[in-house]
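Each step along the sequence shown adds one to the number in numbering that gives the first Met the number 0, with nothing skipped, and position 206 is 205.
Working notes, structure below.
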Amino acid sequence: MEVLIIGGGASGMMASIAAASMGASVTIYEHNDILGKKLRTTGNGRCNLGNMNLKDEFYYSPDRDMLSDFFIQFDEDDTIRTFRSLGLIIKDENGYMYPACEQAKVVADVLETQLRSYGVNVCTSVDIDDIKKNDDNSFTVATDGRNFKFDKVVLACGSYAGIAKKDRISSDKDGYALAYSFGHTIMPVKPALTAIKCDNDFLDRISGVRADALITLVKNGTTVAGEYGQLQMTDYGVSGIPAFQLSHYVGADKEGGYELLIDFMPGVDDDDYIAMMQSRIFAFQGYTIEQFFLGTLNTKLCDLIIDLAGLNRTDMVDEETQDDLITALGIVRCLKLNVTGVKDFSFAQVCSGGVPLNEIDRNCMSVKTPGLYICGEMLDVDGMCGGYNLQWAWTSGYIAGRAAGCY
Ligand SMILES: Cc1cc2nc3c(=O)[nH]c(=O)nc-3n(C[C@H](O)[C@H](O)[C@H](O)COP(=O)(O)OP(=O)(O)OC[C@H]3O[C@@H](n4cnc5c(N)ncnc54)[C@H](O)[C@@H]3O)c2cc1C
């Protein structure tokens, strides 16, 4: 059995190991000059390779109900077992799995060591010119002016996320184009797990501020979703994990019209907040407004909130300023940002969209072209932050490789 894996990233490397372990003769064609280029940069260089709390609900997909069919075959315990068998020591940080050495490159290296020990033929800096299915059910792949024949082909080409436009494979030859040429639908591909852009003119004043916050995404007055965590304010909007988690909704919705409400005192209930602030107003009588805010939030935020409430820093906390002070304290709990979109693909960690799950079977085989398998981010599944996207790459890569490697 000759199996070709197109794409030597996270899912492709896992697929090659699974196919080779079934006794297949495996070749990887990788566009980059090394395997696992993106994998080597994940998790800020530490690689959050999975999560102990794996649930379908941490994924977005129009066919989310199909996910359990895949995770039942390869779940978080299989991820741990597989990487342990490759010699990788994994540590658990509140459910988030990392290599104990804290080096993403080592995750790629242990996969590469294993696939090479299986004799997988690794061809890097390769681009595919054409693939055709033959009458005898084999595939002919044209690359570099030459034709090669394979029994099965696995598409593991990933997405546009994290890749600068100039470094992308042209859109008529990338993984989506290859899948499309075999009759697959490509659901619109959008950046997900990325920063959210807003157009408020005060953003440059608070750029660089990091704060624990609860952010709530609202559309036409209705709450869409909320996230808590460390937010990073930027001159174009908001970044950080809570913004990433909500970016899926904004990126996937052409209509727009979203607002982001930021609560900089999360976890304090309204009554406690009012009581806390009333006693602060009482304690700071005779002090300036600036002194009242000093020590509450980042000073850049305090300055902005004072201005938005129409207060002067040098005014005194007294009866005259009390109403504006209450307005300012309200802004601390609900700073409104006008959302204009999300940052582009190069900034994103994953993409939404791709080949719908209902166009593959539970072995990740194409229902349009038997013998063709699709795995990883090319499929219309994107996970939340926390190791869920790599888990999907391991799960779908393993299933596709194992099935493609079977006679
Ligand atoms: C900065 C960053 C940090 C991230 N951190 C995390 C994290 O900590 N945890 C987590 O779970 N997820 C993380 N992700 C997401 C995760 O990396 C991806 O979901 C995962 O790598 C997807 O695996 P894949 O195999 O589908 O695609 P990739 O890993 O992108 O691999 C696809 C490969 O196919 C190759 N290829 C594409 N087209 C062709 C072609 N036509 N011919 C030949 N080769 C081709 C590409 O060059 C690439 O090497 C992060 C992503 C980014 C960008």
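Backbone N, C-alpha and C fix where the C-beta goes; we use that ideal spot for every residue, glycine too.
Start-to-end residues for the alpha helix (DSSP H) that takes in residue i
i: Phe235; result: Position check: residue 235 holds Tyr in this sequence, whereas Phe was assumed. Taken as a continuous stretch (DSSP letters only), Tyr235 belongs to no alpha helix (DSSP H), as it is neither H nor E.
i: Met12; result: 9 to 20
i: Lys299; result: 298 to 307
i: Phe149; result: No alpha helix (DSSP H) contains Phe149, which is instead part of the beta strand (DSSP E) from 145 to 149.
i: Val267; result: Looking at the DSSP string, Val267 is not in any alpha helix (DSSP H), and its letter there is neither H nor E.
i: Asp76; result: 75 to 84
i: Pro241; result: 240 to 251
i: Asp415; result: Summary: the structure shown does not reach residue 415, with the chain confined to residues 0 through 406, and so no result is reported for it.
i: Phe292; result: 288 to 292
i: Ile359; result: Element bounds for Ile359: n/a, residue is neither H nor E.
i: Ile398; result: 387 to 404
i: Ser67; result: 66 to 70
i: Ile205; result: 202 to 205
Sub-8 Å separation of residue i and residue j beta-carbons
i: Gln74; j: Leu53; result: For the record, residue 74 in the displayed sequence is Asp; it is not Gln. In this structure, Leu53 lies closer than 8 Å to Asp74 by Cβ.
i: Ile5; j: Cys122; result: no
i: Ile305; j: Ala327; result: yes
i: Ala210; j: Asn297; result: yes
i: Gly236; j: Cys197; result: yes
i: Val316; j: Ile280; result: yes
i: Lys367; j: Phe138; result: no
i: Leu85; j: Ser15; result: no
i: Ala17; j: Arg401; result: yes
i: Val208; j: Lys299; result: yes
i: Met12; j: Cys405; result: no
i: Pro241; j: Ala212; result: yes
i: His408; j: Ile185; result: Look at the range of the chain in this structure, 0 to 406, and you will see that residue 408 is not part of it.
Other residues of its chain near residue i: CB distance less than 6 Å, five sequence neighbours each side excluded
i: Val125; result: Tyr28, Thr142
i: Ser238; result: Ala194, Gln231
i: Leu303; result: Phe201, Arg204, Ile205
i: Ala399; result: Ala14, Val153, Cys363, Tyr372, Cys374
i: Lys131; result: Thr139
i: Asn136; result: Gly370
i: Lys148; result: Ser137, Thr139
Pick from the options that is closest to residue i, judged by C-alpha positions
i: Gly225; options: Cys333, Gln290, Ala282, Leu177; result: Cys333
i: Glu1; options: Gly256, Asp150, Phe201; result: Asp150
i: Tyr59; options: Tyr397, Asn388, Ile398, Arg401; result: Asn388
i: Val119; options: Ala19, Gly285, Val208; result: Ala19
i: Asn357; options: Phe138, Ile127, Asp64, Asn337; result: Asp64
i: Gly42; options: Gly385, Trp391, Gly400; result: Gly385
i: Arg83; options: Leu336, Leu48, Lys164; result: Leu48
i: Phe442; options: Pro241, Val380, Gly161, Leu293; result: Absent from the model: residue 442. The displayed extent of the chain is 0 to 406, so no value can be given.
i: Ile127; options: Asp76, Asp173, Arg401, Ala251; result: Asp173
i: Gly7; options: Ile79, Phe243, Asn50, Glu111; result: Glu111
i: Asp323; options: Phe291, Lys299, Thr295, Val338; result: Phe291
i: Arg145; options: Val153, Val152, Asp129; result: Asp129
i: Ser116; options: Val25, Lys165, Met186, Asn93; result: Val25
i: Trp391; options: Thr78, Lys148, Met276, Gly220; result: Thr78
i: Glu92; options: Asp270, Ala178, Asn50; result: Asn50
i: Asp234; options: Arg167, Ala23, Val338; result: Val338
i: Leu288; options: Asp171, Thr320, Met276; result: Inspection of the sequence shows that residue 288 is occupied by Ile rather than by Leu. Comparing Cα positions, the closest option is Thr320.
i: Ala163; options: Gln348, Thr81, Gln72; result: Gln348
i: Gly285; options: Trp393, Thr215, Tyr397, Glu318; result: Glu318
Beta-carbon contacts of residue i that lie in its chain and below 8 Å, excluding the five residues immediately before and after
i: Lys90; result: Met96, Tyr97, Pro98, Ala99
i: Val217; result: Val223, Tyr257, Glu258, Leu259, Leu260
i: Leu66; result: Asp55, Tyr58, Ser60, Leu356, Val380
i: Val188; result: Ser158, Tyr159, Tyr175, Cys350, Ser351, Gly352, Gly353
i: Ile359; result: Ser365, Val366, Tyr372, Ile373, Leu378
i: Gln102; result: Gly44, Arg45, Cys46
i: Gly94; result: Asn50, Met51, Asn52, Gly385
Beta strand (DSSP E) segment containing residue i, residue limits
i: Thr112; result: Element bounds for Thr112: not the beta strand (DSSP E) but the alpha helix (DSSP H), 103 to 116.
i: Asp173; result: Segment: none, Asp173 is in no beta strand (DSSP E) and carries neither H nor E.
i: Thr142; result: 138 to 142
i: Asp129; result: 129 to 132
i: Ser425; result: Residue coverage of the chain in this structure runs from 0 to 406, which leaves residue 425 outside it and unanswerable.
i: Ala191; result: 186 to 191
i: Gly353; result: 349 to 353
i: Asn311; result: Segment: none, Asn311 is in no beta strand (DSSP E) and carries neither H nor E.
Contacting residues, own chain, Cβ-Cβ under 7 Å from residue i (five flanking each side not counted)
i: Leu307; result: Ile330
i: Ser395; result: Ser10, Phe69, Cys363, Cys374, Gly375, Leu378
i: Gln244; result: Glu226, Met383, Cys384
i: Asn133; result: Thr139
i: Ala178; result: Leu154, Ile185, Val354, Ile373, Met377
For the region 330 to 346 against the region 191 to 203, do three or more pairs of beta-carbon atoms, one drawn from each stretch, fall closer than 8 Å, so that the two count as touching?
Taking a contact to require three or more Cβ pairs closer than 8 Å, the region 330 to 346 and the region 191 to 203 qualify as touching.
Count the C-beta pairs between the region 309 to 319 and the region 256 to 268 that are closer than 8 Å, then say yes if the count reaches three, no if not.
In short, these stretches do not touch, since the Cβ pair count stays below three.
Please confirm if the region 219 to 238 is in contact with the region 374 to 381, defined as three or more CB-CB distances below 8 Å between the two stretches.
In short, these stretches do not touch, since the Cβ pair count stays below three.
Does the region 105 to 118 touch the region 28 to 37, meaning 3 or more C-beta pairs lie closer than 8 Å?
Yes: the two stretches touch, three or more of their Cβ pairs being nearer than 8 Å.
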